[in-house]
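This report concerns only the one structure given below.
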Amino acid sequence: MVAPRIGVFVCHCGTNIAGIVNVPEVVEYARGLPYVVHAEANLYTCSEEGISSIKHAIKEYDLNRVVVASCTPRTHQPLFRNACADAGLNPYLFEFVNIREHCSWVHMRNHQEATEKAKELVKMGVAKARWLEAQEEFESGVYPAAMVIGGGVAGMSAALNLANQGFEVHLVEKEPKLGGRLLKLNRLFPINKDPSELVESVVKAVEGHSKIRLHMPAVVKAASGYIGNFDVSIDEDGQETSFKVGVIIVATGAQVLEPKLYGYGKLDNVLTQLGLEQRLKDGEVGEFQNVVMINCVGARIAERPYCSRLCCMTAIKNAALMKEINPKANVYVLHRDLMTYGVEFEEYYRKAKEAGVRFIRYTLSNPPKVVGRKRVKAVKVYDELMDMEVELPCDLLVLATPLIPNDDNAELSKILKVPIGDGGFFLEAHVKLRPVEFAMDGIYVAGSCRWPADIRESITQGYAAASEAVIPLRRGLVKVEAITATVDPKICKGCGICALVCPFDAIELKESKIRGLEGKIVSEVNAALCKGCGLCAAACPNRAIQQRGFTDMQLLSMVNALSGKR
Amino acid sequence: MPDTKEVQTEFKPKILAFCCNWCAYAGADLAGVSRFQMPTNVRVIRVMCSGRVPPELVIRALANGLDGVMILGCHPGDCHYSEGNYLTRRRAHVLKRLLEYIGIEPERFQLRWVSAAEGAKFSAVVKEAADKITALGPNRWGDKR
Chain E
163 MVAPRIGVFV CHCGTNIAGI VNVPEVVEYA RGLPYVVHAE ANLYTCSEEG ISSIKHAIKE
223 YDLNRVVVAS CTPRTHQPLF RNACADAGLN PYLFEFVNIR EHCSWVHMRN HQEATEKAKE
283 LVKMGVAKAR WLEAQEEFES GVYPAAMVIG GGVAGMSAAL NLANQGFEVH LVEKEPKLGG
343 RLLKLNRLFP INKDPSELVE SVVKAVEGHS KIRLHMPAVV KAASGYIGNF DVSIDEDGQE
403 TSFKVGVIIV ATGAQVLEPK LYGYGKLDNV LTQLGLEQRL KDGEVGEFQN VVMINCVGAR
463 IAERPYCSRL CCMTAIKNAA LMKEINPKAN VYVLHRDLMT YGVEFEEYYR KAKEAGVRFI
523 RYTLSNPPKV VGRKRVKAVK VYDELMDMEV ELPCDLLVLA TPLIPNDDNA ELSKILKVPI
583 GDGGFFLEAH VKLRPVEFAM DGIYVAGSCR WPADIRESIT QGYAAASEAV IPLRRGLVKV
643 EAITATVDPK ICKGCGICAL VCPFDAIELK ESKIRGLEGK IVSEVNAALC KGCGLCAAAC
703 PNRAIQQRGF TDMQLLSMVN ALSGKR
Chain W
24 MPDTKEVQTE FKPKILAFCC NWCAYAGADL AGVSRFQMPT NVRVIRVMCS GRVPPELVIR
84 ALANGLDGVM ILGCHPGDCH YSEGNYLTRR RAHVLKRLLE YIGIEPERFQ LRWVSAAEGA
144 KFSAVVKEAA DKITALGPNR WGDKR
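Residue numbers (my numbering), protein chains in the order written: chain E, 163 to 728; chain W, 24 to 168.
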């Protein structure tokens with residue numbers, strides 16, 4: 163190994179760091195650290211000037227390690243790694259020290275201690291840098307096909323989008339018919355159109371597309387592999403089928419809660435909003451004189467704290483429709499709050515009020531009560547505005563219930579190794595910044611399986627997921643950050659604990675093919691599957707498995723530097 | 024200005040915090056962005072997952088004389104790697120008992136969950152650790168060996 167020659171670059175970040183931390187003192191201190199051959203301060207290390215200063219120093223001082231003490235690797239690591247690469251230094255010979263978020267910004271009133279802390283952080287970074295090694299990023303090919311799970315409006319939009327871009331799509335739907343929940347709806351808000359127009363045109367486009375292979379009724383049974391290279395097997399109408407895809411989009415939708423409240427299932431004139439839609443669609447609803455609707459049934463409660471977003475609009479839609487069928491009917495909507503986001507929706511609500519639908523607010527602590535034994539005869543509700551209980555005659559009670567996660571989400575989550583959140587819906591990689599991707603590369607999410615979404619949102623998310631998924635498909639190659647695990651087959655005893663703790667099935671016990679070790683059972687890491695968590699490295703009793711960029715030696719050297727040991 | 028002599032004699036524990044890249048480290052970043060002021064005792068080492076930290080390393084840090092070690096990871100169920108923090112949690116239980124057995128106050132080691140959105144919690148966790156370990160006094164375990 164060539165002796166380390168470390169360069170340290172301490173950033174002023176204008177006054178963000180230099181206003182609190184004594185930067186010249188930190189630079190001076192860095193100069194005295196082992197293997198440091200150059201240290202300098204930059205006004206902004208991330209500026210063009212700073213970057214060229216790094217590149218220049220790498221050549222001038224023959225640096226083979228670079229340490230930048232500035233902000234956070236979560237935003238700036240790629241920039242500095244690229245600067246190293248541009249100057250001919252392997253980008254993995256770079257180490258980041260955070261003296262802004264973790265130091266100057268949180269110790270603004272204690273300049274002296276902040277400076278001491280910055281020095282120690284630099285010392286730790288330099289200690290780790292000494293043990294950094296050049297790494298090559300793993301590249302693997304992408305099989306140019308996609309699987310979309312779910313033939314609802316989100317899944318169909320995604321499938322069409324991908325197919326129209328020229329990629330083969332396997333569309334897997336568990337029902338024998340495409341269309342999903344849309345098939346059951348009577349009208350669409352806020353346009354009051356029959357959804358069959360929309361469904362028919364989309365279904366026709368999907369069914370007639372030469373690039374889309376339909377699997378119906380079918381469920382995913384197993385999936386293994388990684389971005390660009392998934393092996394999927396499905397159960398298609400009792401037959402097992404397998405195929406290969408590069409990316410997967412999950413668009414499995416949700417289901418409507420069947421409540422155990424307000425006599426639902428016991429009294430024969432109580433329906434859910436979806437039940438009402440079905441009857442309206444089938445033409446089975448006659449004229450009603452007194453219709454009461456209750457919103458937030460089983461939603462926004464301790465057990466199910468979220469707002470399902472769509473039910474308010476559905477209630478408004480159907481309330482106005484009941485009024486349309488019989489203008490003399492008394493139609494009441496009992497709600498806790500009304501969610502009518504967006505210009506059109508608020509207008510839709512206003513029109514329903516103009517048409518004569520009455521809205522009464524109730525609270526969770528004082529919910530409406532149903533009167534009647536076999537049928538609902540009336541609903542009592544405490545009207546907050548009038549400060550009194552009112553009794554509303556009722557010959558049809560309609561309950562707006564939330565969308566809830568599908569029962570098979572947990573199973574699919576295990577098969578695909580993608581997370582589900584607290585409530586049972588699928589969980590995206592980042593709530594704001596990565597809304598249609600899973601943390602698992604190459605798998606994407608769209609529609610109500612993530613969160614209740616209306617049709618427009620489902621279509622938008624379907625398109626968004628498809629456009630993310632098409633990136634690796636189009637590139638044909640994916641790169642994996644070189645922080646994956648490596649095994650030293652000489653030390654490995656083949657106990658398999660690493661394979662046991664690996665959440666991604668990236669480790670297998672295999673017979674070694676290395677000369678001198680032929681036939682020895684050792685762990686082997688599949689770099690394409692490894693996500694670089696390092697669980698295996700912490701679990702190995704022999705320290706035979708190491709995580710690149712976070713080796714035992716690197717971590718230990720930081721600990722030792724901090725505690726003043728060598 | 025405080026008398027420098029007095030500053031030196033006051034016990035300021037040195038605490039190491041292993042933060043996972045996805046939750047705790049991001050939470051620490053958020054604390055910074057939000058300018059949540061906190062004691063200067065804690066130094067962060069970034070790891071990709073809290074489950075990367077071998078218990079031996081925690082013991083090594085304490086044996087080296089550091090006054091406290093924390094592991095900060097994602098909340099249970101939120102692990103970027105699905106289940107890494109469950110391993111951390113199991114290890115931490117065993118580790119606490121081991122520390123007690125070998126004569127290190129188990130309170131010198133702490134496991135906490137901090138999400139990427141919990142800048143305020145990160146700052147609170149740092150303050151809590153600094154207070155607790157200050158109250159414990161310097162780590163004398165290294166001296167006794």
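Beta carbons are placed, not taken as given, at the ideal position from N, Cα and C, and that holds for glycine.
This one's a predicted model, so the numbers in the text were calculated from it and none came from an experiment.
Residue i - DSSP class collapsed to helix/strand/coil
i        : result
Val459/E : coil
Trp45/W  : coil
Gln440/E : helix
Thr237/E : helix
Lys37/W  : coil
Gly96/W  : strand
Thr713/E : coil
Met548/E : coil
Pro634/E : helix
Glu509/E : helix
Ala180/E : coil
Arg535/E : coil
His200/E : strand
His116/W : helix
Pro555/E : strand
Ile659/E : helix
Trp613/E : coil
Nearest-angstrom beta carbon gap, residue j and residue i [assumed within contact, 8 Å]
i        : j        : result
Ser685/E : Ile707/E : 6 Å
Ala203/E : Val229/E : Contact doesn't hold; Cβ gap of about 13 Å is too wide.
Val453/E : Met484/E : 5 Å
Leu53/W  : Gly142/W : 3 Å
Unbroken alpha helix (DSSP H) run spanning residue i, endpoints
i        : result
Thr157/W : Gly142 to Leu159
Pro78/W  : Pro78 to Ala86
His218/E : Glu210 to Glu222
is_contact[residue i, chain W] using C-beta, thresh 7 Å
i        : result
Met715/E : no
Gly658/E : no
His238/E : no
Lys479/E : no
Leu526/E : no
Phe588/E : no
Thr234/E : yes
His497/E : no
Ser725/E : yes
Met745/E : The question about residue 745/E has no answer, for chain E in this structure spans 163 to 728.
Glu599/E : no
Glu187/E : no
Pro665/E : yes
His264/E : yes
Val183/E : no
CB contact below 7 Å: residue i versus chain E
i        : result
Asp52/W  : yes
Ser105/W : yes
Thr157/W : no
Arg58/W  : yes
Gly55/W  : yes
Arg135/W : no
Arg131/W : no
Arg66/W  : yes
N- and C-terminal bounds of the beta strand (DSSP E) containing residue i
i        : result
Arg69/W  : Val65 to Val70
Ile396/E : Asn391 to Glu398
Ala307/E : Ala307 to Ile311
Met490/E : Strictly speaking, residue 490/E in this sequence is Lys, with Met absent from that position. Lys490/E -> no beta strand (DSSP E), and no H or E assigned at all.
Thr648/E : Ala647 to Val649
Ser302/E : Phe300 to Gly303
His332/E : Glu330 to Val334
Ala384/E : Ala380 to Tyr388
Pro186/E : Taken as a continuous stretch (DSSP letters only), Pro186/E belongs to no beta strand (DSSP E), being part of the alpha helix (DSSP H) at Val185 to Arg193.
Interface residues of chain A facing residue i [CB-CB closer than 9 Å]
i        : result
Phe712/E : Looking at the structure shown, chain A is missing, and the protein chains on hand are E and W.
Quick one, which residues of the stretch 78-95 of chain W are near chain E if we go by CB-CB under 7 Å, in chain order? Those would be Leu80, Arg83, Ala84, Asn87, Gly88 and Leu89, in chain order.
Taking any Cβ of chain W, which residues in the stretch 275-307 of chain E have a Cβ under 8 Å from it, in chain order? Listed by position, the residues of the stretch 275-307 of chain E near chain W (Cβ gap below 8 Å) are Glu275, Ala276, Glu278, Lys279, Glu282, Leu283 and Met286.
Residues in the stretch 613-644 of chain E having any Cβ partner in chain W nearer than 9 Å: Answer set for the stretch 613-644 of chain E: empty.
In the stretch 118-129 of chain W, which residues sit with their C-beta less than 9 Å from some C-beta in chain E, listed in chain order? Residues are counted here when their Cβ sits less than 9 Å from a Cβ of chain E; for the stretch 118-129 of chain W the count is zero.
Got a sec: which bits of the stretch 672-700 of chain E sit with their beta carbon under 8 Å from any beta carbon on chain W, in order along the chain? Lys693, Gly694, Cys695, Gly696, Leu697, Ala699 and Ala700
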